[in-house]
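When the letters of the sequence shown are read in order and numbered with numbering that gives the first Met the number 0, they come out as residues 0 to 97.
Every residue gets a Cβ at the ideal spot worked out from N, C-alpha and C, and that includes glycine.
Because the structure is a prediction, the values reported are computed rather than measured.
Presented below is the structure to which this report refers.
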Amino acid sequence: MWCHVAVPHGWKNKAFLVNLNDVGDEAGFPPNTEIASNASNDVYNQEPYYFNAKLKVRTFAPSGNWVDTDCGSAGANIAGNNTQFGKDWMGAVCTNPP
């Protein structure tokens, strides 16, 4: 659930991926709201789609062409937000996978 939605029906992103850089109406926020995430124990929960979500996508690459810099913060300057991307972001917020 770190990367994919809990309920896929009607989901807005390809491959049912969550994107905490672009949370919007589905969670009661304005479009393109970035959810703060700074540490490996930070997850986002908002029914019905988000359950222990962590993934932040900067660029949706074609299948088979993803690179580490496609993931990470969009860079919102909000309290408690790690604004890194790529391996640095993954190392900070994605340790101890389930």
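Residues near residue i by beta carbon distance below 6 Å, same chain, minus five either side
i, result
"E33", "N20, A73, A75"
"A26", "Q45"
"G79", "A35, N37"
"V4", "W10, F15, V17, Y48"
Among the options, nearest to residue i - alpha-carbon criterion
i, options, result
"V42", "N31, K86, C2", "C2"
"W88", "S39, T58, E46", "S39"
"F15", "N31, P30, L54", "L54"
"V56", "N95, G63, N12, A78", "N12"
Rounded straight-line distance, which links the Cα of residue j to that of residue i
i, j, result
"F59", "D69", "7 Å"
"V17", "F50", "10 Å"
Bridge partners - residue i, DSSP secondary structure assignment
i, result
"L16", "H3"
"A52", "Y43"
"V22", "T32"
Own chain, CB closer than 8 Å to residue i, minus 5 neighbours either side, in chain order
i, result
"P30", "D21, G23, D24"
"F28", "V22"
"I77", "E33, A35"
Residues near residue i in its chain [Cβ-Cβ closer than 7 Å; skip 5 each side]
i, result
"N81", "S36, N37, S72, W88, A91, V92"
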